[in-house]
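Here is the structure we will look at, set down as structure tokens.
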Amino acid sequence: MQAISWACSAEPYRRVEAIGLANGNVANGNGASSVSHNKQSHVGVWQKFFDAFHLLCSARGIGWNWSKGLHVPAHTRPTSGRVIFLLYTTTSLIAHLMAMDIIHYYIQTFPQLHLTACPRGATIFAEELPPLQRYALSTYISLLAGPVIYCTVQLGYDLATIIGVGIFQQNPMDWPPMFDHPWKATSLRDFWAKRWHQFFRYIFVTLGSVPFSRILGRVGVPFGAFLISGIVHYFGLWGMSRGTDWRMIGFFLLMAVGIVMEDLWKQSTGRKVRGFYGWLWTTLWVVGWANILVDAWARKGLISSSFYPENYRPAELLFGPLTTTKAEVLC
Numbered sequence: 000m001q002a003i004s005w006a007c008s009a010e011p012y013r014r015v016e017a018i019g020l021a022n023g024n025v026a027n028g029n030g031a032s033s034v035s036h037n038k039q040s041h042v043g044v045w046q047k048f049f050d051a052f053h054l055l056c057s058a059r060g061i062g063w064n065w066s067k068g069l070h071v072p073a074h075t076r077p078t079s080g081r082v083i084f085l086l087y088t089t090t091s092l093i094a095h096l097m098a099m100d101i102i103h104y105y106i107q108t109f110p111q112l113h114l115t116a117c118p119r120g121a122t123i124f125a126e127e128l129p130p131l132q133r134y135a136l137s138t139y140i141s142l143l144a145g146p147v148i149y150c151t152v153q154l155g156y157d158l159a160t161i162i163g164v165g166i167f168q169q170n171p172m173d174w175p176p177m178f179d180h181p182w183k184a185t186s187l188r189d190f191w192a193k194r195w196h197q198f199f200r201y202i203f204v205t206l207g208s209v210p211f212s213r214i215l216g217r218v219g220v221p222f223g224a225f226l227i228s229g230i231v232h233y234f235g236l237w238g239m240s241r242g243t244d245w246r247m248i249g250f251f252l253l254m255a256v257g258i259v260m261e262d263l264w265k266q267s268t269g270r271k272v273r274g275f276y277g278w279l280w281t282t283l284w285v286v287g288w289a290n291i292l293v294d295a296w297a298r299k300g301l302i303s304s305s306f307y308p309e310n311y312r313p314a315e316l317l318f319g320p321l322t323t324t325k326a327e328v329l330c
């Protein structure tokens, strides 16, 4: 997909030098990549290889001329020195690694889910429970899945940051935060366009929003982007070697439906979705529909899986090994 987006580019990609960040955006205030000047055209062979590698890895386009419209969170880590920046990032990596595993461990302890007894996968909808309790539990599990995903992505970004700044000696300013406090989102648009990670934004816009907007108009912008997002997650689930699930696409298309509903609300009332009720709406819509997404993951064994070598899992070292139940006969 990245290669296709490159082929669709209207102009050549160029390295640029960022001026800096302010108030959660780049310095020009509209989310586009501010630049002071293009780098010199005559560069050495090593620099050309490094730029090519940087382009391959730079999903958000930080330091490139194609990141127009990108929301870049303001720096929260000290960027005055490389050592203090790396120490802060290492601490963040360890903290998110521990938080991810502890929450994941906690989810696996629910006896109604039979997750430890069914390593190949089990549903989050406990059929032995009454409907109200069943969906309350599945929604709670879906809510907990959010921090697990957040911590997993964040620790991966922290590791990449340590490699980039520590090994390749990049400027800490080239590594702004991946997230912008997603739990503070007061609308679906705010959540997905700014506060959640924008790692695949360029691909979703280039391959989804742009072509679909030409067919469906403004409505095609969110539907195109979320369709491509759903396809990416659909094939990503295939990595478990247990097939995939169409609900991966369904969840993201429902996010597009929610954004269209927000636009209709603004058109009919003249007011944007925001404030406490906007936050409540966003939480209910995302977590409510996350039931189908998390259940798809659970049925393919993702929640039952372990991400650490046996006897070295942090949560098990702290709280003891998980125990299986008689539900093993159900698997």
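Start counting the sequence shown at 0; every next residue gets the next number (numbering that gives the first Met the number 0). Even glycine gets a Cβ: it sits at the ideal position worked out from N, Cα and C. Source: prediction; values computed, not measured.
Pick helix, strand or coil for residue i, following the three-state DSSP scheme.
i: Arg337; result: Residue 337 lies beyond the range of the chain shown here (0 to 330); nothing can be said about it.
i: Trp182; result: helix
i: Trp237; result: helix
i: Trp280; result: helix
i: Trp391; result: The structure shown does not extend to residue 391, since the chain spans only 0 to 330, so no value can be given for it.
i: Val15; result: strand
i: Phe306; result: coil
i: Arg81; result: helix
i: Glu315; result: helix
i: Leu96; result: helix
i: Ala125; result: coil
i: Met177; result: coil
i: Ala224; result: helix
i: Val293; result: helix
i: Phe275; result: helix
i: His113; result: coil
i: Val71; result: coil
i: Thr90; result: helix
i: Gly120; result: coil
i: Arg76; result: coil
i: Leu206; result: helix
i: Gly242; result: coil
i: Pro320; result: coil
i: Gln168; result: coil
For my contact list, residue i and residue j are in at a C-beta cut-off of 8 Å; report their separation, rounded to the angstrom.
i: Arg260; j: Trp191; result: Strictly speaking, residue 260 in this sequence is Met, with Arg absent from that position. Not really, about 14 Å apart at Cβ, beyond 8 Å.
i: Val293; j: Ile123; result: 6 Å
i: Thr151; j: Asn290; result: Thr151 to Asn290, Cβ: 20 Å. No contact.
i: His53; j: Pro175; result: Contact flag wrong, Cβ pair sits at about 15 Å.
i: Leu316; j: Thr108; result: Not quite, the Cβ-Cβ distance comes to about 15 Å (not below 8 Å), so this is no contact.
i: Thr89; j: Ile161; result: 6 Å
Below 6 Å CB to CB, which residues in the same chain sit around residue i once its five sequence neighbours on both sides are set aside?
i: Tyr311; result: none
i: Asn22; result: Confidence at Asn22 is low in this model, with a pLDDT of 42, below 50, so its placement is unreliable and the value that follows should be read with caution. None.
i: Gln111; result: Ala125
i: Arg133; result: Phe124 and Ala125
i: Ile258; result: Leu187, Arg188 and Pro221
i: Pro146; result: Ile102
i: Phe250; result: Trp288, Ile291 and Leu292
i: Cys7; result: Thr205
i: Ser212; result: Gly219 and Val220
i: Ala184; result: Phe190, Arg194 and Thr281
i: Val286; result: Ser141 and Leu142
Cβ of residue i within 8 Å of any heavy atom in the ligand HEM?
i: Phe190; result: This structure lacks the ligand HEM; in fact it carries no ligand of any kind.
Ends of the alpha helix (DSSP H) at residue i?
i: Arg246; result: Arg246 to Thr268
i: Gln1; result: Gln1 to Ala6
i: Arg200; result: Arg200 to Phe203
i: Val147; result: Pro130 to Ile161
i: His53; result: Val44 to Cys56
i: Arg194; result: That residue, Arg194, is in no alpha helix (DSSP H); it is neither H nor E in DSSP.
i: Arg213; result: Val209 to Leu215
Spatial neighbours of residue i within its chain, please: CB distance less than 7 Å, with the 5 preceding and 5 following residues excluded, ordered by chain position.
i: Phe84; result: Arg76, Pro77, Thr78, Val164 and Pro171
i: Tyr156; result: Met177
i: Gln197; result: Arg59, Leu69 and His70
i: Ala314; result: Asp100, Ile101 and Tyr104
i: Gln1; result: Ile202
i: Ile3; result: Leu206
i: Met247; result: Gly229, His232, Tyr233, Leu236, Leu292 and Ala295
i: Leu154; result: Leu92, His95, Leu96 and Met99
i: His180; result: Arg194
i: Pro210; result: Gly223
Within a Cβ cutoff of 8 Å, which residues of the same chain sit near residue i, ignoring the five residues on either side of it in sequence?
i: Ser186; result: Glu261, Lys271, Val272, Arg273, Gly277, Trp280 and Thr281
i: Lys299; result: Gly120, Leu236, Met239, Arg241, Gly242, Thr243 and Asp244
i: Lys265; result: Lys271 and Val272
i: Ser57; result: Trp63
i: Val42; result: Asp50
Given 8 Å, three or more beta-carbon pairs between the segment 7-15 and the segment 55-67
yes
Indicate whether the contact test is met: 3 or more Cβ pairs, each with one atom in the segment 202-220 and one in the segment 91-99, closer than 8 Å.
no
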